[in-house]
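What follows is one structure encoded as structure tokens, with my remarks underneath.
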Amino acid sequence: MRWAGWGDPAHAVELPDAVTALLEQALGVRRPQRAPARPGDIELPPPALSPRILDALTAAVGADHVHTDRDARLRHTRGRSTPDLLKLRADDATDAPDAV
Numbered sequence: 001m002r003w004a005g006w007g008d009p010a011h012a013v014e015l016p017d018a019v020t021a022l023l024e025q026a027l028g029v030r031r032p033q034r035a036p037a038r039p040g041d042i043e044l045p046p047p048a049l050s051p052r053i054l055d056a057l058t059a060a061v062g063a064d065h066v067h068t069d070r071d072a073r074l075r076h077t078r079g080r081s082t083p084d085l086l087k088l089r090a091d092d093a094t095d096a097p098d099a100v
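Under the UniProt record's numbering, residues 1 to 100 are what the sequence shown spells out, in order.
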């Protein structure tokens with residue numbers, strides 16, 4: 001899955017102010033004050049899972065099915081809805097899972 005979600009970067013379109021205002025009001029997202037965040041620039045919160053719980057999860061489903069690396073956590077942060085993509089674009093990964 002592409003990071004930005006969809007669209008052709010060669011045909012970028014600036015949103016009209018009225019659309020931006022609607023997004024702010026209806027979805028609670030603000031216009032980014034800078035270029036969209038790149039995956040490497042997004043700061044993830046530290047995992048909250050204790051080693052004991054992570055070990056129990058790994059024992060239950062197998063090590064091949066538990067991923068705690070940064071890329072897996074970032075890819076599974078939020079969904080692919082418009083509000084989720086706009087929040088990620090604005091560098092908001094506060095809902096990153098501890099493990100996938």
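Glycine included, each C-beta is placed from N, C-alpha and C at the ideal position.
- Query: With a Cβ-Cβ cutoff of 7 Å, do residue 72 and residue 100 count as a contact?
  - Reply: yes
- Query: Cβ of residue 44 within 7 Å of Cβ of residue 96?
  - Reply: yes
- Message: Can you look up residue 72 in the DSSP assignment and give me helix, strand or coil?
- Response: helix
- Rounded C-alpha distance that separates residue 51 from residue 84: 29 Å
- Task: Just the C-alpha distance for residue 101 and residue 70, rounded to the nearest angstrom, thanks.
- Result: Because residue 101 is not part of the residues shown, which for the chain are 1 to 100, the question remains open.
- Query: In its own chain, which residues sit with a C-beta less than 7 Å from the C-beta of residue 57, not counting the 5 before and 5 after it?
  - Reply: 66, 99
- Query: Just the Cα atoms here: how many angstroms apart are residue 47 and residue 40?
  - Reply: 17 Å
- Message: If you follow the alpha helix (DSSP H) that residue 55 is in, where does it begin and where does it stop?
- Response: 51-61
- Could you check the C-alpha separation between residue 59 and residue 53 for me, to the nearest Å? 10 Å
- Task: Note down the Cα distance separating residue 1 from residue 68, rounded to an integer number of angstroms.
- Result: Residue placement at residue 1 is flagged as unreliable, the pLDDT there being 38, under the threshold of 50; the coordinate-derived value follows with that caveat. C-alpha separation (whole angstroms): 19 Å.
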